[in-house]
Each structure stands twice: as structure tokens, then as C-alpha cells.
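Numbering (our numbering), first residue to last: 10 to 395.
Built from N, CA and C at the ideal position, the CB exists for glycine as well.
Encoded as C-alpha cells, the structure appears first; notes follow it.
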């Protein structure tokens with residue numbers, strides 16, 4: 010136990026960080042490794058790899074991810090902004106580079122091969138984008154002469170353009186949702202809410218009309234008989250077979266035929282083997298992290314910190330909701346990972362940085378005390394004799 014009398018850097022961090030949120034995030038990270046044991050061996054065997062290939066890699070990336078999350082949580086507010094700026098610049102260049110140097114998979118270029126590892130730069134771009142957007146909105150509100158909202162719009166265009174070109178409409182939609190949420194929290198008038206909603210609807214309609222793969226996904230969602238819905242049907246079957254308490258660890262059978270059981274559909278495997286109760290428990294942990302982050306944001310006086318924390322936990326929560334909704338056939342397939350749970354080194358490390366930023370920004374900090382001058386100062390001089 011760290012003593013409160015200890016004035017070291019570690020002790021100061023321990024007594025100021027949100028330990029309940031930290032415990033929830035570590036639990037999710039550990040849960041990702043455990044659920045990888047359930048979901049990934051059949052996929053590895055189908056690919057001709059060792060049964061626990063993906064399990065070992067998930068555990069391998071979990072250790073540096075935990076270290077990165079804790080290291081980032083030590084940063085003061087000023088260095089959080091600087092780190093986000095550097096991360097944004099590097100990953101924006103890397104995201105653009107995927108268009109020319111990336112590995113093509115299923116008609117999209119989203120990955121770069123670096124020293125034997127695959128890197129998805131857009132995963133790291135998202136948390137940096139949220140931090141910078143929050144800074145622009147906060148500065149625009151504090152300094153009217155600074156066109157913060159205009160710069161934020163330009164920043165959104167800089168990020169979404171390469172994502173659409175890859176193409177990666179799932180990440181584009183996620184980034185746009187979080188940006189709109191920050192715009193609203195920064196004091197956007199209701200007329201802008203309606204305008205952005207109409208613009209988003211127009212963009213979706215344009216994508217449906219001009220991009221065949223987007224149209225196919227939406228058509229399959231609205232009318233399952235219009236195309237191949239094998240993965241979604243199989244995922245729904247996992248929930249039915251698992252029931253409330255599941256069939257038991259390792260007893261699932263649907264995962265043996267589900268192509269993406271270790272990534273996009275790990276939530277369905279969880280339902281079959283551990284039951285709906287564990288799925289609800291997992292959902293509760295995600296909800297706890299999001300609601301606790303939003304509670305911190307509500308209490309925060311600094312506009313930048315308030316917007317940054319809210320944006321980061323909204324990013325975390327919306328990504329989780331999209332993954333779970335796809336598994337339950339509540340929205341069209343998006344190819345979105347479940348934070349800390351789905352297999353993927355890039356996703357795991359990027360979300361660790363994202364939540365490290367949240368832990369850094371929500372640490373308890375001393376608030377400046379303003380001492381007002383005394384209205385009737387007492388004179389200590391001796392009275393003069395008459």
C-alpha cells in the first residue's frame with residue numbers, strides 16, 4: 010500500500026488517479042485475453058496456425074498495452090495535448106500512406122506492415138483527433154477572435170478524407186458521431202443539430218447510391234433474403250444456444266464456423282459459452298466506464314478537460330455499442346472491434362492510449378483558491394491620544 014505521506018511521483022499518481030475506472034479497464038483487458046481462449050482457437054486452426062496463436066498474441070499485446078495506459082495516465086494536461094498533437098501528425102501521415110503502401114484486404118487498404126507487424130494507423134488517429142477537437146472547441150469558446158469551430162471542421166475533413174478513400178466507413182461514421190457530440194457539448198445551437206443531421210443523412214444516402222458494398226450491407230440488414238447473412242445469422246444463433254448461463258467454457262460450437270469469431274463477433278461467442286448474464290455484465294462494465302467518465306466531465310471546470318474526457322469516453326462507448334449492436338443484428342455490419350475484448354494489437358494499444366488520456370485528464374488536481382480582499386480591514390495601529 011502506498012502511504013499518503015509519500016511524496017513520490019508514483020504515490021502522487023496513485024492517490025489522484027480514478028482507481029475504480031482503472032480497475033474496470035484492467036478487468037476488460039484481462040477479459041479480452043480470457044475470451045480469446047474461447048473464441049480464437051478454431052479460427053487459428055482453420056488458418057493452419059497453432060491453436061493458441063491468437064491467444065498468445067493477445068496476451069503479448071496486453072502487457073505493453075497496460076504499461077502504455079498507465080504511463081500515459083501520468084501525463085499532466087499540457088503534455089496530454091502535446092502528445093495528442095504528435096500522435097495525430099504521425100498517424101495522419103501513416104493513414105494517408107496506407108492508400109499507397111497499405112496491404113489490401115477485402116477491397117480496402119487500412120493496414121501497414123512494419124517489421125513483421127500489421128499497424129492500423131486510423132485506430133491511433135481517433136483519440137488524438139478527439140483531444141485536438143476538444144482543444145479547438147474550448148479555445149474557440151474562450152477566445153472569440155480564434156475561429157475554433159472552423160478549425161475543428163477542417164480537422165474533421167483532414168481525418169475523414171483518407172478514411173473514406175481507404176474505404177473505412179465504419180471508422181468515418183464513428184469519428185463523425187464523436188465530432189458532432191463535441192460540437193453539441195461545446196454549445197452548438199439546435200439549428201446546427203438539425204443541419205448536421207440532415208447532412209449526415211444526405212451523406213448516407215449518397216454512399217448508398219454510389220457505393221455497391223454499402224448498399225449491399227444496408228439491403229441485407231433491411232431484407233435478409235437479399236444477400237448472404239451467414240455471419241449475422243450464426244451470431245444470433247449463438248445467443249439462442251447460450252441462453253442465460255451459456256453452454257460452458259469451450260463447449261461452444263457456433264464459433265467453429267463463424268469466420269470472425271475472434272474479432273468482430275467475439276461478443277456472440279461470449280453469449281454461447283458464458284451466457285447472456287455474462288454479456289450483460291460485460292455491458293455493465295462498459296457502461297460504468299462511460300458514465301464515470303461523463304460524471305468527471307460534468308464536474309470539470311476547465312472547458313478543454315470537460316470536452317476531451319466526454320469525447321474520449323463517448324468514442325469508447327459508441328465503438329462498443331456498434332460492435333454489440335452488429336452482433337445482435339440491430340444495425341448493419343461495420344467491422345468494428347469491441348474495445349479491449351476483440352483480438353487485434355493495433356486496437357488494443359490504441360484504446361490503451363485513449364483510456365490513458367482519460368485517466369490522465371480525470372486525475373484529481375488542486376483547484377486554485379481565490380482569496381477576496383477583506384471588506385473592512387482591521388487596523389493594528391495604536392489609537393492616537395486626543
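In three-state terms, what does DSSP make of residue i?
i	result
residue 201	helix
residue 123	strand
residue 117	strand
residue 128	strand
residue 112	strand
residue 175	coil
residue 352	coil
residue 91	helix
residue 26	coil
residue 83	coil
residue 149	helix
residue 16	coil
residue 49	coil
residue 156	coil
residue 231	helix
residue 61	coil
residue 206	helix
residue 56	coil
residue 196	coil
residue 21	helix
residue 395	In this prediction, residue 395 has a pLDDT of 41, which is less than 50 and means its spatial position is unreliable; nothing more can be read from the coordinates.
Going by C-alpha to C-alpha distance, which of the options sits closest to residue i?
i	options	result
residue 369	164, 350, 356 and 305	305
residue 139	122, 184 and 120	184
residue 230	315, 337, 200 and 289	337
residue 353	281, 308, 310 and 270	270
residue 69	17, 358 and 87	358
residue 328	347, 318, 38 and 315	347
residue 78	111, 45 and 38	38
residue 180	75, 117 and 214	117
residue 254	243, 246, 284 and 207	284
residue 350	154, 224 and 33	33
residue 196	146, 137, 310 and 95	146
residue 297	150, 30, 373 and 24	30
residue 245	275, 224 and 219	275
residue 247	210, 108 and 288	288
residue 374	24, 171 and 19	24
residue 367	333, 334 and 317	317
residue 365	120, 84 and 19	84
residue 342	125, 123 and 228	228
residue 108	211, 161 and 170	170
residue 86	309, 208, 335 and 333	309
With a 10 Å radius around its C-beta and 16 neighbouring C-beta atoms as the bar for buried, classify residue i as buried or exposed.
i	result
residue 339	exposed
residue 135	buried
residue 200	exposed
residue 239	exposed
residue 226	buried
residue 389	In this prediction, residue 389 has a pLDDT of 47, which is less than 50 and means its spatial position is unreliable; nothing more can be read from the coordinates.
residue 18	exposed
residue 45	buried
How about residue i and residue j: are their beta carbons less than 8 Å apart?
i	j	result
residue 193	residue 141	no
residue 325	residue 294	no
residue 322	residue 303	yes
residue 265	residue 51	yes
residue 267	residue 277	yes
residue 27	residue 371	yes
residue 261	residue 282	yes
residue 143	residue 313	yes
residue 59	residue 258	no
residue 187	residue 41	no
residue 129	residue 355	yes
residue 127	residue 177	no
residue 156	residue 149	yes
residue 279	residue 263	no
residue 49	residue 72	no
residue 137	residue 93	yes
residue 345	residue 360	no
residue 172	residue 189	no
residue 125	residue 119	no
Using a Cβ-Cβ distance cut-off of 8 Å, determine whether residue i contacts chain C.
i	result
residue 290	The structure shown has no chain C; it contains just one protein chain.
Completely contained alpha helix (DSSP H) runs for the segment 234-295, where each covers 4 or more residues: 239-251
What runs of the alpha helix (DSSP H), each 4 residues or longer, lie entirely inside the segment 304-374? 312-336 and 354-370
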